[in-house]
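Visitor: Numbering (the numbering used here), first residue to last: 68 to 120.
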């Protein structure tokens with residue numbers, strides 16, 4: 068399974084929201100789950116972390 072794990076505030080947003088994204092990716096790494104940080108359709112699952120409406 069490949070996941071597109073996208074965070075629209077990558078590199079600009081800090082604090083709790085960014086820490087949450089970091090923690091999510093750490094868990095994916097720990098479990099050996101392949102993911103990309105690009106919003107791509109070449110994935111089985113899209114997990115979108117966005118801050119806006």
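Beta carbons are placed, not taken as given, at the ideal position from N, Cα and C, and that holds for glycine.
If we ignore side chains and look at the alpha-carbon of each, how far apart do residue 117 and residue 74 end up?
Guide: Reading the chain shown from its first residue, position 50 is the one you call residue 117. Reading the chain shown from its first residue, position 7 is the one you call residue 74. If you take the alpha carbons of residue 117 and residue 74, they lie about 6 Å apart.
Visitor: In this structure, what does DSSP give as the bridge partners for residue 74?
Guide: Reading the chain shown from its first residue, position 7 is the one you call residue 74. Paired residue(s): 116.
Visitor: Would residue 98 be called buried (16 or more neighbouring beta carbons within 10 Å of its own) or exposed?
Guide: As a working note, residue 98 is residue 31 in the chain shown. Under this definition residue 98 is an exposed residue.
Visitor: Just the C-alpha distance for residue 95 and residue 68, rounded to the nearest angstrom, thanks.
Guide: By 1-based counting over the chain shown, the position of residue 95 is 28. By 1-based counting over the chain shown, the position of residue 68 is 1. Whole-angstrom Cα-Cα distance: 11 Å.
Visitor: Please report the distance separating the alpha-carbon of residue 108 from that of residue 115.
Guide: Numbered from its first residue, the chain shown carries residue 108 at position 41. Numbered from its first residue, the chain shown carries residue 115 at position 48. If you take the alpha carbons of residue 108 and residue 115, they lie about 12 Å apart.
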